[in-house]
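Participant: Chains as they are written, first to last, in the working numbering: chain A, 132 to 443; chain B, 268 to 609; chain C, 1115 to 1393. This is the structure I want to talk about, given as structure tokens.
Right under this line is the structure:
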């Protein structure tokens, strides 16, 4: 039997050498990211160490002066506290509500498909537009919420929340803070619930059957078996939510612009107000850089959690 | 021997599918009953109904004289071991075993500790109490699962294919351990499997199921030697019984009962068949001969290595079968025809 | 038995309560959109009903007296171009990370996700300077150039996960048949990836619609604004809020986008749980 001589295939440097091909396919994206993410990041640091403003574009090095100046203002402490408080309070509420919502969605009920769509709307719609709806709901003069409260007798003269007919949600310090937290909860609970639900449904059914046979009640099973098993997923959902709330500008911008006065001026809002509205680019950049250490920690935690998922 | 678990006319329907279609079964106290059948026959659904994880569509279940048909699992004094062993991966072995006791409530910490250590001791796993499931071998996991099952002193033990996930070598020793364990405790046990070798090895009695119905219940000798119908006959045995279409009945004979006329001394009065050999497999202790008889039906013969035999593809060999080993089945129903009716 | 019924009732109550909390603002927005000024601006009027007959005047105002339609046009334009750019760069990159990068491919794709998490807040000031330097400020092109910094990392990460889930055997069979790796990618993997690519298109498009900071910073001319910024900023002129038109403007975009996005949510979740969960 003769073996036909096979012509060796054309070894194209491009299509067959996988390392070269891999690098080439990855390159455009990486170059783009380096140019428009990496470079600006470097510039941001450079700005924060300079005195650049919208008017004066020369970059004179001033060291840590911007940071010092920023820390000394009363707004700094307020901004940090606001940012941290909003994030943590919102996250705690979100975790509880998302757990309840996820458990609800593990059950079957009529109209589940409709409920799914309605529940996800806050996350799925453009942030600014959804927040606008709340801007109206929380209006100082025409809030429908005020209307309901008045009707059921909780608001108005001689009532618990009175004597005025309007709770000025966005104009009073704590109500404004609460409003911002409320909108964050409204927006992120659906996403967290969906993630938790995915985690819950991925748990091996045999483990849940075993718990039932072992005599555990529904609550014990949820707390001692299910939740511990989806801890990594909850961790990722929380970290993701953390970063989204921590760095958010839109909700605060639309609702309060940082007001009243500066009581809801979170770090990102302040960075914008200072940097762009105020024109002090260097200070704006410096303020934003206070995010960096927190984000780094969050990034490390995400990586650790992912590695734990892979190990299991 | 008293009946401990009674299953009466049990049915379970999922939509149009009849997973369990009228099952009657009596399980004696202290016996190991194996429910054997191919996948999809309804054995797991049956088991889940006994456990209380599914509610029957019809019929009754009695455990220890008590009606338990609609009761949840925890009201039934049963324990169950799943195919994957279902050890809680985030808990230590100790906490796994303690879990049913904590769930049932009402026990002091010291009592729980005593019971856990007792169960662990009975299964020889005291040294593993601080480990996590992923650090254990397959055999160790089985013992932990059994310890957890026994710690609440159930009256019935349910085992859903617990050996299927073990690799072949481990399976035999795990089977041995399981049988000793059950005999020693004398607990009423129901074991579900699709592996007929496992069933024959373990069961005091075997219930063979197909398509939601029990085809036969009996000792291993009974269901193997006196199979009630063609399904049981072909399902049991490796390979299963050969079936030929005779004039009036279906004739069946097991591969190991086919003796090559050449290699052995054959008595008079045996039934003879000429087989055209297709393929020969030498398995060491046995040789399998695949071929066909004159009407084209495929048959398999199993010849012990103690007999001298050799053949190649295309050869024709004559085989003899002791008439006592022939079985006759009704052509339509497949059910066996009693010898005196033949 | 009765316990089961109470449980059931509790379940439905909870479902209704949650649906109400999440969807009610949209309901309000729709109702408000059709209210007359007289109806709306009387505090004693019930805000949930039409005390005067509903009107289309606000929609009229929205479409013909504001730049709203322009905003929509701008958003669609930016979205479309960004989708194209993103696909061109992220699809090969995602494949590269999934198949060609070996062991560090998975780390790199998580790295991509982390880059996505770098908040625009950190970058918007320097990007603003870059945009000005390129004379792109007040042009939609400034957004076209900067949005991919968000969409490319996200899409690369999502696609890397998606391509990774396609069995290798198919490409390897093609390569044994004589195709190069790249050919196998184009002929075998891409056709199988249609659903993943559609998901990426949907997410990229919605990411551009959601984006606020860059749109706010780089584009100040009203005619050039996108929906996300145009609606909250332009329709509030000084202290006068054209509430009804505002609500209409928001709802018209919010609900369709919301519904489409929700259809593709499971793919996002699969990615976010890092494949620890099967979609």
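Where a beta carbon is used, it is the ideal one built from N, C-alpha and C, also for glycine.
1) Alpha carbon to alpha carbon, what distance is there between residue 1123 of chain C and residue 349 of chain A?
2) In chain B, which residues lie less than 7 Å from residue 356 of chain A when you measure between Cβ atoms?
3) Which first and last residues belong to the alpha helix (DSSP H) in which residue 376 of chain B is found?
4) Would you report the Cα separation of residue 1238 of chain C and residue 427 of chain A, rounded to the nearest angstrom?
5) What are the complete alpha helix (DSSP H) segments, minimum 4 residues, inside the segment 1178 to 1226 of chain C?
6) Label residue 609 of chain B either buried or exposed according to how many other C-beta atoms from any shown protein chain fall within 10 Å of its C-beta, with 16 as the threshold for buried.
7) Please report the straight-line C-alpha distance between residue 428 of chain B and residue 341 of chain A, rounded to a whole angstrom.
8) List the residues that DSSP assigns as beta-bridge partners of residue 592 of chain B.
9) Taking its Cβ as the centre, do 16 or more other Cβ atoms sit within 10 Å of residue 436 of chain A, making it buried, or is it exposed?
10) Pull out every residue of the segment 413 to 425 of chain B whose Cβ sits closer than 7 Å to any Cβ of chain A, in chain order.
11) Indicate whether the contact test is met: 3 or more Cβ pairs, each with one atom in the segment 415 to 430 of chain B and one in the segment 337 to 350 of chain B, closer than 8 Å.
12) Rounded to whole angstroms, what's the CA-CA distance from residue 377 of chain A to residue 393 of chain A? Just pull it up for me.
13) With 8 Å as the threshold, decide whether the Cβ of residue 1168 of chain C is near any Cβ in chain A.
14) Would you tell me roughly how many angstroms separate the C-alpha atoms of residue 1266 of chain C and residue 1273 of chain C, rounded to the nearest one?
15) Spell out whether any CB of chain B is found under 8 Å from the CB atom of residue 360 of chain A.
16) Can you confirm whether residue 366 of chain A, when its beta carbon is compared against all beta carbons of chain B, has any partner nearer than 8 Å?
17) Of the residues that make up the segment 363 to 384 of chain B, which ones have a beta carbon closer than 7 Å to any beta carbon in chain F?
18) Using 8 Å as the threshold, is the C-beta distance between residue 508 of chain B and residue 500 of chain B below it?
19) Run through chain C and tell me which residues come within less than 7 Å of residue 253 of chain A, C-beta to C-beta.
20) Along the chain, where does the alpha helix (DSSP H) containing residue 554 of chain B start, and where does it finish?
21) My assumption, with CB atoms under 8 Å, is that residue 1128 of chain C sits in contact with residue 235 of chain A. Please give the rounded CB distance.
22) Just to confirm the assignment, what range does the beta strand (DSSP E) spanning residue 511 of chain B have?
23) With 16 as the cutoff for other CB atoms within 10 Å, does residue 132 of chain A come out buried or exposed?
24) Are residue 410 of chain B and residue 392 of chain B close, meaning C-beta to C-beta below 8 Å?
25) What is the DSSP secondary structure of residue 1355 of chain C, reduced to helix, strand or coil?
26) What does the Cβ neighbour count give for residue 573 of chain B, buried or exposed, with the cut at 16 atoms within 10 Å?
27) Quick one: any contact between the segment 369 to 383 of chain A and the segment 386 to 405 of chain B, if contact means 3 or more CB pairs under 8 Å?
28) Skipping 5 residues on each side, what residues in its chain have a beta carbon closer than 6 Å to that of residue 138 of chain A?
29) Against residue 338 of chain A, what residues of chain B qualify as contacts under a CB-to-CB distance less than 9 Å, listed in chain order?
30) Per DSSP, residue 624 of chain B is paired with what?
31) Does any CB atom of chain A fall closer than 8 Å to the CB of residue 609 of chain B?
32) Can you tell me where the beta strand (DSSP E) with residue 458 of chain B in it begins and where it stops?
33) In the DSSP assignment, what are the bridge partners of residue 474 of chain B?
34) Can you find a C-beta in chain C that's less than 8 Å from the C-beta of residue 295 of chain A?
35) Provide the residue span of the alpha helix (DSSP H) that contains residue 451 of chain B, from first to last.
36) Taking residue 247 of chain A as the query, report the chain C residues whose CB atoms sit under 8 Å from its CB, ordered along the chain.
Facilitator: Reading it off the structure:
1) The straight-line gap from Cα to Cα measures roughly 17 Å.
2) 355
3) 376 to 389
4) 19 Å
5) If only uninterrupted alpha helix (DSSP H) runs of at least 4 residues are considered, those enclosed by the segment 1178 to 1226 of chain C are 1182 to 1209.
6) Because residue 609 of chain B sits at a pLDDT of 48, beneath the cut-off of 50, its placement in the model cannot be relied upon, and the point is left open.
7) The C-alpha of residue 341 of chain A is placed about 14 Å away from the C-alpha of residue 428 of chain B.
8) In DSSP, residue 592 of chain B forms no bridge with anything.
9) buried
10) Correct list: empty, as no residue qualifies.
11) yes
12) Pairing residue 377 of chain A with residue 393 of chain A, the inter-Cα distance amounts to about 17 Å.
13) no
14) 10 Å
15) yes
16) no
17) No chain F appears in the structure shown, which is made up of the protein chains A, B and C.
18) The answer is yes: Cβ separation under 8 Å.
19) Simply 1136.
20) Looking at the DSSP string, residue 554 of chain B is not in any alpha helix (DSSP H); the run it does join, the beta strand (DSSP E), is 553 to 559.
21) Confirmed, Cβ separation roughly 6 Å.
22) 509 to 512
23) Because residue 132 of chain A carries a pLDDT of 47, less than 50, the predicted location of this residue cannot be relied on, and the following value inherits that uncertainty. By the neighbour-count rule (16 or more Cβ atoms within 10 Å), residue 132 of chain A is not buried but exposed.
24) yes
25) strand
26) exposed
27) no
28) Caution applies to residue 138 of chain A, whose pLDDT of 49 falls short of 50 and renders its modelled position unreliable; the value that the coordinates give is listed next. Same-chain partners within the cutoff: there are none.
29) Those are 349, 351, 353, 354, 355 and 356, listed as they occur along chain B.
30) With chain B covering 268 to 609 only, the question about residue 624 of chain B has no answer from this structure.
31) Below a pLDDT of 50, predicted positions are generally treated as unreliable, and residue 609 of chain B, at 48, falls in that range; the measurement from the model is reported next regardless. Interface with chain A (8 Å Cβ-Cβ cutoff): residue 609 of chain B is excluded.
32) Its beta strand (DSSP E) spans residues 455 to 460.
33) B/302 and B/484
34) No - not a single Cβ of chain C is within 8 Å of the one on residue 295 of chain A.
35) In this chain, the alpha helix (DSSP H) harbouring residue 451 of chain B covers 435 to 452.
36) Think of a sphere of 8 Å around the beta carbon of residue 247 of chain A: the chain C residues whose beta carbon falls inside it are 1376, in chain order.
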